[in-house]
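This report refers to the structure that appears directly beneath it.
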Amino acid sequence: DFLQEEIIKMKRKIEEEAKIATTSLEKLQAKADDLQALVTMKSEKIIEMESERKEQETIRMKEIDMLIELRDIVEDQKTRIASLEEEVERGDSAQRSMEAQQRLLCEAEAKTAEAEETVEKWKARMAEAELIMKEMEAKIEQEEEENRMLQEMI
5 DFLQEEIIKM KRKIEEEAKI ATTSLEKLQA KADDLQALVT MKSEKIIEME
55 SERKEQETIR MKEIDMLIEL RDIVEDQKTR IASLEEEVER GDSAQRSMEA
105 QQRLLCEAEA KTAEAEETVE KWKARMAEAE LIMKEMEAKI EQEEEENRML
155 QEMI
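Using my numbering, the letters of the sequence shown correspond one by one to residues 5 to 158.
So this is what it looks like as structure tokens:
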């Protein structure tokens, strides 16, 4: 009798511990599911941010190409200005020729000033784009680190 009562007590205790273990297992599974969902969400966000970064890189490359073209234009303008200045220095005896050269020189200087102003604007935009790229890369690294930490937790 005593032995049967002990067996019944032990059986109840085992059943209670089994219920507790089952509950704990369900909670752990729910947490694992939540973490997996979070990892999936973070992975999608990383993919999205990577896409945005590539887009920004494409824009930055186009802006660099434009800056190179502008630099070439400025160099061409400087060359034209230098050429015009040499012509002015050599001088031409006719007043009409001198006035035409002066007009060309003024136009070239105006175009050069415009080109230099445009280059400055592009430089500012490039600086902004690079800052945005650095911020995006930092965000991606942060997300990847969080993703790694979540993966390690799982």
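We put the CB at the ideal spot given by N, CA and C, even for glycine.
On a predicted model such as this, the values are computed, not experimentally measured, just so you know.
{"Asked": "Cβ pair count under 8 Å reaching 3, the segment 72 to 87 against the segment 120 to 134", "Found": "yes"}
{"Asked": "Secondary structure of residue 5, DSSP reduced to three states", "Found": "coil"}
{"Asked": "Classification of residue 25 by the beta-carbon crowding that lies within 10 angstroms, buried from 16 upward", "Found": "exposed"}
{"Asked": "Residue 81 classed as buried or exposed, judged by whether at least 16 other C-beta atoms fall within 10 angstroms", "Found": "buried"}
{"Asked": "Where residue 36 falls, given that 16 or more other Cβ within 10 Å makes a residue buried", "Found": "exposed"}
{"Asked": "Rounded straight-line distance, which links the Cα of residue 139 to that of residue 114", "Found": "38 Å"}
{"Asked": "Neighbourhood of residue 78 by C-beta distance below 8 Å, restricted to the same chain and skipping five residues each side", "Found": "116, 119, 120 and 123"}
{"Asked": "Check whether residue 88 and residue 108 have beta carbons under 7 Å apart", "Found": "yes"}
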